Amino acid sequence: MKDVKNYLINFGLSKTEASVYTILLKIGRANGYQITKELGISKSTVYQALNSMCKNGYIFMYSGVTKEYEAKDPKLLFLDFEKNYSENKKGLEEAINKLVPKKETTFFYRFEEKENIRKTIYEIINLAQREIYISTDFDLEEYQELFLKTISKGIRIILVTNNRKNDINLKSDLYYENCFTNCILNTKFLIVVDMKYCSVITCSKYQINGIYTNDNIFTEIILENIYRKIEKIENKKEELLKRDIKVSSLCEVSNIMG
Numbered sequence: 228m229k230d231v232k233n234y235l236i237n238f239g240l241s242k243t244e245a246s247v248y249t250i251l252l253k254i255g256r257a258n259g260y261q262i263t264k265e266l267g268i269s270k271s272t273v274y275q276a277l278n279s280m281c282k283n284g285y286i287f288m289y290s291g292v293t294k295e296y297e298a299k300d301p302k303l304l305f306l307d308f309e310k311n312y313s314e315n316k317k318g319l320e321e322a323i324n325k326l327v328p329k330k331e332t333t334f335f336y337r338f339e340e341k342e343n344i345r346k347t348i349y350e351i352i353n354l355a356q357r358e359i360y361i362s363t364d365f366d367l368e369e370y371q372e373l374f375l376k377t378i379s380k381g382i383r384i385i386l387v388t389n390n391r392k393n394d395i396n397l398k399s400d401l402y403y404e405n406c407f408t409n410c411i412l413n414t415k416f417l418i419v420v421d422m423k424y425c426s427v428i429t430c431s432k433y434q435i436n437g438i439y440t441n442d443n444i445f446t447e448i449i450l451e452n453i454y455r456k457i458e459k460i461e462n463k464k465e466e467l468l469k470r471d472i473k474v475s476s477l478c479e480v481s482n483i484m485g
């Protein structure tokens, strides 16, 4: 009988409830006085357990001259336990899934062909929720509408480029790298979105290669590369501001003579 009570407790019944159910299985239908006498515990404790068990469907109550109680058929009780377990398991899984963010499976996609470049750029930019870093010498005019739509959502775009054609009204943070007249354009495109996704595209006269991934280490490396370019541009700006700019004006000449 002790084993039965322990198993019932494991299924969520209190110690008193498990004792009551076990006694009712043993002696059959009984009133509160008989159950109390068998268990040797206080009447109030027994009746509290009986009310709870009736409410939960573990036992049945029959009204008459005196109220009598009967244990639910164990097979039906087992079905209730299975149903409750299944419902609780499902509810717990859903609650945990909401509480703990899902970890994405790391992926590396390699691609070629010009059309795949455009498709990848659209796909990764549309994933953005907060911030986009781009370093490129591509002509971005065909992506202007996409950029403006993205910025209108409150998403920040930081663009590093040496292609002067990209001096278009993107309302983004724009950084220009030095580019000489013989600079070859449309050779590289680096993008990092929300520090979660990145893509690297390289183009030559004969070949186009691209990688699209959510790998953390790879993404950090590309983001660091773009950061370094921005720092280099900003440092050059500071150096220029610190220099004494001479344009041989009359003011400069008079100050020297004075």
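Going by our numbering, the letters in the sequence shown line up with residues 228 to 485, in that order. Each residue gets a CB set at the ideal place from its N, CA and C atoms; glycine is no exception. The structure presented is a predicted model; accordingly, all values stated were derived computationally and were not measured.
> Closest to ASN534 by CA distance: which of ASN343, ILE254, THR363 and LEU375 is it?
Replying inline: Here the chain comprises residues numbered 228 to 485, so residue 534 is not present and cannot be evaluated.
> Which residue comes first and which comes last in the beta strand (DSSP E) that contains LEU277?
Replying inline: Within the sequence shown, the letter at position 50 stands for residue 277. Unbroken run through LEU277 is the alpha helix (DSSP H), 270-283; no beta strand (DSSP E).
> Beta-carbon separation of LEU401 and ILE449 under 7 Å?
Replying inline: In the sequence shown, the residue the question calls residue 401 occupies position 174. In the sequence shown, the residue the question calls residue 449 occupies position 222. LEU401 places its beta carbon 7 Å or farther from that of ILE449.
>> Distance check for THR446 and MET422, CA to CA, integer angstroms please.
In response: Counting from one through the sequence shown, the residue named residue 422 turns up at place 195. Counting from one through the sequence shown, the residue named residue 446 turns up at place 219. Here the alpha carbon of MET422 sits roughly 7 Å from the alpha carbon of THR446.
> Taking the Cβ atom as the reference point for each residue, do TYR454 and ASN441 lie within a distance shorter than 7 Å?
Replying inline: By one-based count along the sequence shown, residue 454 stands at place 227. By one-based count along the sequence shown, residue 441 stands at place 214. The answer is no: Cβ separation not under 7 Å.
> Which residue or residues does DSSP assign as beta-bridge partners of SER362?
Replying inline: By one-based count along the sequence shown, residue 362 stands at place 135. In the DSSP output, where bridge partners are listed per residue, SER362 has VAL387 and LEU417.
>> So for GLY437, helix, strand or coil by DSSP?
In response: Counting from one through the sequence shown, the residue named residue 437 turns up at place 210. Residue state, collapsed to three classes: strand.
>> Starting from PHE334, trace the beta strand (DSSP E) in both directions and tell me its first and last residue.
In response: Along the sequence shown, read from residue 1 onward, the residue named residue 334 stands at position 107. Note, PHE334: premise wrong, no beta strand (DSSP E); not H, not E.
> Leaving out the 5 sequence neighbours to the left and right, which residues in its chain are closer than 8 Å to ILE460 when beta-carbon positions are compared?
Replying inline: For this step, residue 460 is matched to residue 233 along the sequence shown. VAL387, TYR402, TYR403 and GLU404, listed in sequence order.
>> Given the structure, does LYS456 come close to the ligand SAM, in the sense that its CB is under 6 Å from one of the ligand's heavy atoms?
In response: As far as ligands go, the structure on display features none, and thus does not contain the ligand SAM.
>> Using only the alpha-carbon positions, how far apart do THR414 and ILE384 sit?
In response: Walking along the sequence shown from the start, residue 414 turns up at place 187. Walking along the sequence shown from the start, residue 384 turns up at place 157. Their Cα atoms are separated by approximately 21 Å.
> Is ALA322 buried or exposed, if buried means 16 or more other CB atoms sit within 10 Å of its CB?
Replying inline: One-based indexing of the sequence shown puts residue 322 at position 95. Within a 10 Å sphere around the beta-carbon of ALA322 sit fewer than 16 other beta-carbons, which makes this residue exposed.
> Using the beta-carbon count (16 or more within 10 Å), is LEU367 buried or exposed?
Replying inline: For the purposes of this step, residue 367 is taken as residue 140 along the sequence shown, with counting starting at 1. Residue burial annotation: LEU367 is buried, with at least 16 other C-beta atoms found within 10 angstroms of its C-beta.
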